[in-house]
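As you go down the protein sequences, you meet chains A and B in turn.
All letters in the first sequence, in the order written, are residues 473 to 584 by the working numbering.
All letters in the second sequence, in the order written, are residues 301 to 440 by the working numbering.
Built from N, CA and C at the ideal position, the CB exists for glycine as well.
Reading through the structure tokens given below for one structure.
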Amino acid sequence: MNILKNSVDETIVLDIEGRLDTTSYPQLEAYMGDLLKQGATKIVLNLSSLDYISSSGLRVILKTLKEIDQKGGALYLCGLNDHIMEIFEVSGFTELFQIYSTREEALNNIDS
Amino acid sequence: MKYRLQINNRISEISRLEDLMQELENRNNLTERLLHEVNLIIEELVSNTILYGYPVEEENKHHIDIEIIVSRKSLRIHISDDAFPFNPLESGLKESNKAKEISEVNVGGLGLGLVGYYSDEIKYAYLQNRNHIWIVKYFT
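Dropping the structure here:
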């Protein structure tokens with residue numbers, strides 16, 4: 473799994489590439505933990521290059537949502553392919569996250 | 301066709317599933333979606349066994365056997381291990397997780413919930429000190 477970071481104003485955009493599974497989730501967990509410690513309050517996770525996700529990946533994304541929510545921040549998701557969107561739906565996660573089709577749409581809808 | 305993989309009870313061993321999936325993909329005309337679902341089912345069950353099925357000091361000392369049989373109408377998965385007896389069918393395999401609030405989300409059953417969703421048939425038995433789970437996915 474690769475994580476590519478960009479910033480747009482105060483928003484951090486992370487492009488997650490590859491597989492987010494039982495072996496790779498610690499990498500994202502550590503990365504997100506560092507971002508939150510550094511004070512990030514608006515994060516967009518761009519999953520358009522994510523090929524595969526399992527429950528471990530769902531958990532680390534949820535953990536980030538809980539932590540950023542407690543800080544009054546926001547986590548947005550975008551670019552989910554059909555299969556990954558289905559996994560989010562089956563897991564009840566589509567009701568918890570703000571999910572957009574594209575990176576641009578997510579950035580345009582971020583609350584100021 | 302039959303495919304077999306034996307892994308040790310160590311989380312890093314889960315990456316070896318990719319080799320199994322690659323072999324499945326190379327030798328069969330299976331859709332990418334189906335391969336992902338099979339990968340997900342196996343990863344969720346096997347990681348559950350590795351994380352919770354053995355004492356910590358027993359890491360990497362046991363084997364988990366995975367077998368996949370592909371026929372004209374279905375794909376059958378058989379996973380067996382010598383971990384603590386655990387019947388996933390009694391652990392909310394079919395429960396959904398439709399929480400409305402972040403605080404309500406039960407992360408404990410996420411993986412098994414996905415297994416239940418993506419499997420057409422599931423059977424479990426504890427035989428000769430081994431857990432056995434059989435899963436069938438029918439080709440539509």
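Looking only at C-alpha atoms, which of the options sits nearest to residue i?
i: B:E384; options: B:E359, B:P355, B:I307; result: Looking at the sequence itself, residue 384 of chain B is Phe, so the reference to Glu does not match. Cα-wise, what sits closest to B:F384 is B:P355.
i: A:D523; options: A:I556, A:V485, A:S573, A:N580; result: A:I556
i: B:R304; options: B:R316, B:I341, B:V346, B:E367; result: B:E367
i: A:K543; options: A:D554, A:A502, A:C550, A:K509; result: A:K509
i: B:E318; options: B:K302, B:H336, B:N309, B:M301; result: B:H336
i: B:V415; options: A:L534, A:I533, A:S527, A:I540; result: A:S527
i: B:L427; options: B:D382, B:E343, B:S391, B:L389; result: B:D382
From the DSSP output, in three-state form, read off residue i for me.
i: A:L568; result: coil
i: A:S563; result: coil
i: A:S584; result: Per-residue confidence for A:S584 stands at a pLDDT of 48, beneath the threshold of 50, marking its modelled position as unreliable; no derived number is given.
i: A:Q510; result: coil
i: B:H336; result: helix
i: B:Q428; result: coil
i: A:A546; result: strand
i: A:L519; result: strand
i: A:E482; result: coil
Output the distance between the C-alpha atoms of residue i and residue j, rounded to the nearest integer angstrom.
i: A:S584; j: A:A578; result: Annotation note: pLDDT 48 at A:S584 (below 50); position unreliable, coordinate value reported separately. Distance between the alpha carbons of A:S584 and A:A578 is about 12 Å.
i: B:D419; j: B:E357; result: The displayed chain sequence assigns Ser, not Asp, to residue 419 of chain B. Taking the straight line from one Cα to the other gives about 33 Å.
i: A:N474; j: A:G490; result: 7 Å
i: B:Y438; j: B:Y417; result: 13 Å
i: A:L537; j: B:L330; result: 35 Å
i: A:S573; j: A:L552; result: 7 Å
i: B:R310; j: A:E501; result: 20 Å
Take the Cβ of residue i as the centre, count every other Cβ of all protein chains shown within 10 Å, and call the residue buried at 16 or more, exposed below.
i: B:G413; result: buried
i: A:Y548; result: buried
i: B:Y352; result: exposed
Review point. Using Cβ-Cβ distances below 9 Å, what residues of the stretch 514-535 of chain A are close to chain B?
Key: D523, Y524, I525, S526, S527, S528, L530, R531, L534, K535
Review point. Taking a cut of 9 Å between CB atoms, which residues from the stretch 474-495 of chain A lie near chain B?
Key: R491, D493, T494, T495
**Study point:** chain B contacts from the stretch 559-573 of chain A (Cβ-Cβ distance under 9 Å)
**Key:** I559, V562, S563, G564, F565, E567, L568
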